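To keep things clear, I will list the structure first and then write my remarks on it.
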Amino acid sequence: MILMLSSASTSITVILIVFFLFVEGIGVFSKKPIEEGFLLAVHPSNTIQKLEPTQIKDIFDKKITNWSALGGKNEPIVLFRTEDITEFYSEEELGENFEHFPAKIDEYITRTPGVIAFFSDKYKSKDFHGKELDVNKITVYKFLSGEEWFPTAQPVAQMGVKPLILGTLWVSFGAILIALPIGLAAAIYLSEIARKRTRNILKPLIELLAGIPSVVYGFFGLVVIVPLVQDVFNLPVGETGLAGSIVLAIMALPTIITISEDAMSNTPRAMKEASLALGASQWQTIYKVVVPYSASGITAGAILGIGRAIGETMAVLMVTGNAAVIPNTLLAPVRTIPATIAAELGEAASGGMHYKALFALGCILFLITFCINMLVELVTNRNSHKKH
Amino acid sequence: MTKKALFLMLPLIGMLSCGKGKNEEGATTAETTSATTTVTIKGSDTVLPLAQKESEEMMKTNKEVSVTVVGGGTGVGMTALLEGTTDIAMASRDLKTEEKLKFSEAKKEIEIVTIAFDALAVIVNPANKVGQLTREQIEKIYTGEIKNWKEVGGADEKIVAYSRESSSGTYEFFKEEVLDKKNYATDILSMPATGAIVQAVGQTKGAIGYVGLAYETKEVKPISVSYDQGKTFVTPSIASAKDKTYPIARPLFYMYDKANAAKVKAVVDYALSPEGQKVVSEIGYIPLN
Numbered sequence: 001m002i003l004m005l006s007s008a009s010t011s012i013t014v015i016l017i018v019f020f021l022f023v024e025g026i027g028v029f030s031k032k033p034i035e036e037g038f039l040l041a042v043h044p045s046n047t048i049q050k051l052e053p054t055q056i057k058d059i060f061d062k063k064i065t066n067w068s069a070l071g072g073k074n075e076p077i078v079l080f081r082t083e084d085i086t087e088f089y090s091e092e093e094l095g096e097n098f099e100h101f102p103a104k105i106d107e108y109i110t111r112t113p114g115v116i117a118f119f120s121d122k123y124k125s126k127d128f129h130g131k132e133l134d135v136n137k138i139t140v141y142k143f144l145s146g147e148e149w150f151p152t153a154q155p156v157a158q159m160g161v162k163p164l165i166l167g168t169l170w171v172s173f174g175a176i177l178i179a180l181p182i183g184l185a186a187a188i189y190l191s192e193i194a195r196k197r198t199r200n201i202l203k204p205l206i207e208l209l210a211g212i213p214s215v216v217y218g219f220f221g222l223v224v225i226v227p228l229v230q231d232v233f234n235l236p237v238g239e240t241g242l243a244g245s246i247v248l249a250i251m252a253l254p255t256i257i258t259i260s261e262d263a264m265s266n267t268p269r270a271m272k273e274a275s276l277a278l279g280a281s282q283w284q285t286i287y288k289v290v291v292p293y294s295a296s297g298i299t300a301g302a303i304l305g306i307g308r309a310i311g312e313t314m315a316v317l318m319v320t321g322n323a324a325v326i327p328n329t330l331l332a333p334v335r336t337i338p339a340t341i342a343a344e345l346g347e348a349a350s351g352g353m354h355y356k357a358l359f360a361l362g363c364i365l366f367l368i369t370f371c372i373n374m375l376v377e378l379v380t381n382r383n384s385h386k387k388h
Numbered sequence: 001m002t003k004k005a006l007f008l009m010l011p012l013i014g015m016l017s018c019g020k021g022k023n024e025e026g027a028t029t030a031e032t033t034s035a036t037t038t039v040t041i042k043g044s045d046t047v048l049p050l051a052q053k054e055s056e057e058m059m060k061t062n063k064e065v066s067v068t069v070v071g072g073g074t075g076v077g078m079t080a081l082l083e084g085t086t087d088i089a090m091a092s093r094d095l096k097t098e099e100k101l102k103f104s105e106a107k108k109e110i111e112i113v114t115i116a117f118d119a120l121a122v123i124v125n126p127a128n129k130v131g132q133l134t135r136e137q138i139e140k141i142y143t144g145e146i147k148n149w150k151e152v153g154g155a156d157e158k159i160v161a162y163s164r165e166s167s168s169g170t171y172e173f174f175k176e177e178v179l180d181k182k183n184y185a186t187d188i189l190s191m192p193a194t195g196a197i198v199q200a201v202g203q204t205k206g207a208i209g210y211v212g213l214a215y216e217t218k219e220v221k222p223i224s225v226s227y228d229q230g231k232t233f234v235t236p237s238i239a240s241a242k243d244k245t246y247p248i249a250r251p252l253f254y255m256y257d258k259a260n261a262a263k264v265k266a267v268v269d270y271a272l273s274p275e276g277q278k279v280v281s282e283i284g285y286i287p288l289n
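These protein sequence lines are chains A and B, in that order. Using the UniProt record's numbering, you'd call the opening residue of the first sequence number 1 and step up by one each time. Using the UniProt record's numbering, you'd call the opening residue of the second sequence number 1 and step up by one each time.
This is the structure we're talking about:
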């Protein structure tokens, strides 16, 4: 009864967490990327109706300086933010309690033909003459394919997670590429070749690696691996995806080694001896008997290793440079999903656009690991069918 | 911290900080049954270490006041002050127009006290021969227009620009002060902590970064900055920040409701006292005089 209760409550907790994650995450698509309660307005004679978030960012970054670049009239763009009002009107004109604020904003907008104004709709006067611009909501497609991640940009946040997803996949893939061969080799050595005494010393040592806090790995990576990567590949910067992969590989190794080694040691003695008695060499026995027999254990070790790599936060945060660019090589800085969540959630206003976007990132991370687990499950099932 | 974003979410933060405020009050009363007044300080994470140290020092001598210091960012502090859930708000920037409006709507008169200054130093690797940059050049480096040191008189070396994470108040301050409110380029590397920037700049040849003056070490070289298109360059130092010739500096504030002045007097007075100002230097900020 108690056993059933505890397993039931665990499942319910898991489902609740996932449910919460998705409820929060999906919220990002129901909001406009412009901050709540704020509006963008232009001069009434402006012909522009709608702007894409990226266009608004370029306008406020002064990369687009003329309305003609957006299909409007040939008129230089004038930026206006709420705090700029004091440049045009004195405090007396605005009134002691700023009661003339809305009227003055309206007046300023109507007399400046090239203006684009960003202000709170509280200060929109009742007979507002300017034209409000419509901002598109973020669609799932835009969210996934957007290439710019500026969640705190003013006035419109840029939420493109493609660089983050790709960064996570690249770093994890690199890590598993490094960790799997080394881990397998070490496991084979420990279970089949090493003498008992060597194994008794080495195994606890490797298990100790798993107990080191990940921040320590990150620090080690920043001080040792980052300069090493920089020197070896002669790069301008050492904080790269590769540095992240190496650190993650080191972190995943103990898991992979211990689990695969346990699986290999469980190969029945009779099977091994039968193989040797048939004249197979030790290597042939390892290759043909031990590894196939323990395949499911090895895959389990590999998944847990990948799982740790994909979700790892602190170590990666410290060594990958965290630049949200789409990676095309492991030798450039990348930004991963967990690092983004960890670095930004603390300051994201709860319930806001940025906050929800980070939860949506969590959903994506969950889906990635879920898919990997399913995949491995399929593979191991097929293997065990073959075996019996 | 200097984030409008926090402001826009006012109602939500308000709700949140209400809840928090209650908890904090509960906690303070529990731990300080002997003290007569309890003062809550909340806000900027930049001011946090200073306020914490000052409060500890003060409570050693003054047993009548008990202080609780909570971080969360300048915006959070302002919201709490507006809601009345904190006695003092710590701020690493002045009130924004919108905030003034909010306070005037709530009929609160706010007293603003400068307690220290903080300066940001732009740092490069010591092997870099570039020793001075104009604000415009730094802006172009961080917005991605200048990509090689030879464009600003250095060696033919790719520029690797480091920044803080977007959650940091320093990030926002640098963006508003130096980048003319433009967004950073996408390929800027962002580091989770100031210490990590110093470490990275020290070991990367083409690196440039920005850190609080207190964090500057021998492993990195500070850059002289010009805000007048290259006529005068000022080296960041405590002295140049104090006489206001160094431009990338900001005052740090305590803000409180004038109606509440009597309650917070001890804390504010201590911050301005010689002992309080000594703590300012110890923490690595610039004292008032």
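Where is the CB? At the ideal position from N, CA and C, for every residue including glycine. Please read all numbers here as calculations on a predicted model, not as lab measurements.
Practice item. May I have the straight-line CA-CA distance separating B/P192 from A/A210, to the nearest angstrom? Key: Pairing B/P192 with A/A210, the inter-Cα distance amounts to about 24 Å.
Point to revise | CA-to-CA distance, A/T168 to B/E136, given in whole angstroms | key: 34 Å
Practice item. Would you check whether the ligand SAH has a heavy atom nearer than 7 Å to the C-beta of B/S224? Key: As for the ligand SAH, it is missing from this structure, which has no ligand bound.
Exercise for review: Establish whether the CB of B/A89 and some CB of chain A are separated by less than 8 Å.
Suggested key: Cβ-Cβ to chain A under 8 Å: no for B/A89.
Check your understanding: Where A/F118 and A/K104 are concerned, what is the direct C-alpha to C-alpha distance, given to the nearest angstrom?
Key -> Going by the C-alpha atoms only, they are around 14 Å apart.
Practice item. Give a yes or no on whether the minimum CB-CB distance between B/V196 and chain A is below 8 Å. Key: Checking the sequence shown, residue 196 of chain B turns out to be Ala, not Val. Answer yes: the Cβ-Cβ gap between B/A196 and chain A drops below 8 Å somewhere.
Review point. Hey, does B/S281 have any beta-carbon neighbour from chain A nearer than 8 Å?
Key: no
Point to revise | C-alpha gap between residue 400 of chain A and B/K63, whole angstroms | key: No answer is possible for residue 400 of chain A: the residues shown for chain A start at 1 and end at 388.
Point to revise | Any chain B beta carbon closer than 8 Å to A/L222 | key: yes
Review point. Can you tell me whether DSSP reads B/M191 as helix, strand or coil?
Key: strand
Check your understanding: Helix or strand or just coil, what does DSSP make of B/K182?
Key -> coil
Point to revise | Per-residue burial, A/L51 [other beta carbons within 10 Å of its own, 16 or more giving buried] | key: Under the 10 Å beta carbon count, A/L51 is surrounded by 16 or more other beta carbons and is classified as buried.
Exercise for review: Quickly, what does DSSP pair B/A266 with across the bridge? List them, please.
Suggested key: Paired residues: none, contrary to the question.
Review point. Where A/V216 and A/A243 are concerned, what is the direct C-alpha to C-alpha distance, given to the nearest angstrom?
Key: 15 Å
Review point. Going along the chain, which residues of the segment 315-329 of chain A sit with their C-beta nearer than 8 Å to a C-beta in chain B?
Key: L317, M318, G321, N322, A323, A324 and V325
Check your understanding: Alpha carbon to alpha carbon, what distance is there between A/A300 and A/L39?
Key -> 52 Å
**Study point:** Residues from the segment 245-257 of chain B in contact with chain A, defined by Cβ distance under 7 Å
**Key:** none
Review point. Thinking C-alpha only, which one of A/Y89, A/G27, A/G95 and A/V289 is nearest A/Y108?
Key: A/Y89
Exercise for review: For the segment 134-167 of chain A, list the alpha helix (DSSP H) runs that are entirely contained and at least 4 residues long, ordered along the chain.
Suggested key: 140-145
**Study point:** For B/L95, three-class secondary structure by DSSP
**Key:** coil
Check your understanding: At which residues does the alpha helix (DSSP H) containing B/D257 begin and terminate?
Key -> No alpha helix (DSSP H) contains B/D257, which is instead part of the beta strand (DSSP E) from A249 to D257.
Point to revise | Stretch-stretch touch, CB-based, cutoff 8 Å, three pairs: the segment 43-52 of chain B with the segment 63-77 of chain B | key: A contact exists between the segment 43-52 of chain B and the segment 63-77 of chain B.
Practice item. Using three-state DSSP, classify B/N289 as helix, strand or coil. Key: B/N289: coil per DSSP, three-state reduction.
**Study point:** Opposing strand residues paired with B/M90 [DSSP bridges]
**Key:** B/M90 is bridged to B/G43 and B/Y254.
Review point. Between B/V47 and B/V65, is the Cβ-Cβ spacing less than 8 Å?
Key: no
Check your understanding: Which same chain residues, not among the five before or five after B/A261, have their C-beta less than 7 Å away from its C-beta?
Key -> The residues E111, in chain order, have a CB closer than 7 Å to that of B/A261 in the same chain once the five nearest residues on each side in sequence are set aside.
Practice item. Step through the CB atoms of chain A and report whether any lies within less than 8 Å of the CB of B/Q199. Key: yes
Review point. Tell me, which residues are paired with B/L120 by DSSP?
Key: B/L120 is bridged to B/G212.
Point to revise | C-alpha gap between B/K4 and A/L184, whole angstroms | key: Residue placement at B/K4 is poorly supported in this model, since its pLDDT is 45, which falls under 50; the coordinates still yield a value, given next. Their backbone Cα atoms lie some 52 Å apart in a straight line.
Check your understanding: Taking a cut of 8 Å between CB atoms, which residues from the segment 198-222 of chain B lie near chain A?
Key -> Q199, A200, Q203, T204, K205, G206 and A207
**Study point:** DSSP three-state assignment for B/T28, whether helix, strand or coil
**Key:** In this prediction, B/T28 has a pLDDT of 41, which is less than 50 and means its spatial position is unreliable; what the coordinates show is noted afterwards. Note: B/T28 maps to helix in three-state DSSP.
Practice item. Using a Cβ cut-off of 8 Å, pull out every chain A residue sitting near B/D187, in sequence order please. Key: A323, V325 and P333
Review point. Is it a yes or a no for the segment 113-123 of chain B touching the segment 208-215 of chain B, going by three-plus beta-carbon pairs under 8 Å?
Key: Contact between the segment 113-123 of chain B and the segment 208-215 of chain B is present, with at least three C-beta pairs closer than 8 Å.
Check your understanding: Can you list the residues of chain A that B/T68 reaches, using a CB-CB cut of under 7 Å?
Key -> The contacting residues do not exist; B/T68 stays about 20 Å from chain A at best.
Check your understanding: Closest to B/N183 by CA distance: which of A/L208, A/T198 and A/V156 is it?
Key -> A/V156
**Study point:** Where A/I48 falls: helix, strand or coil (DSSP)
**Key:** coil
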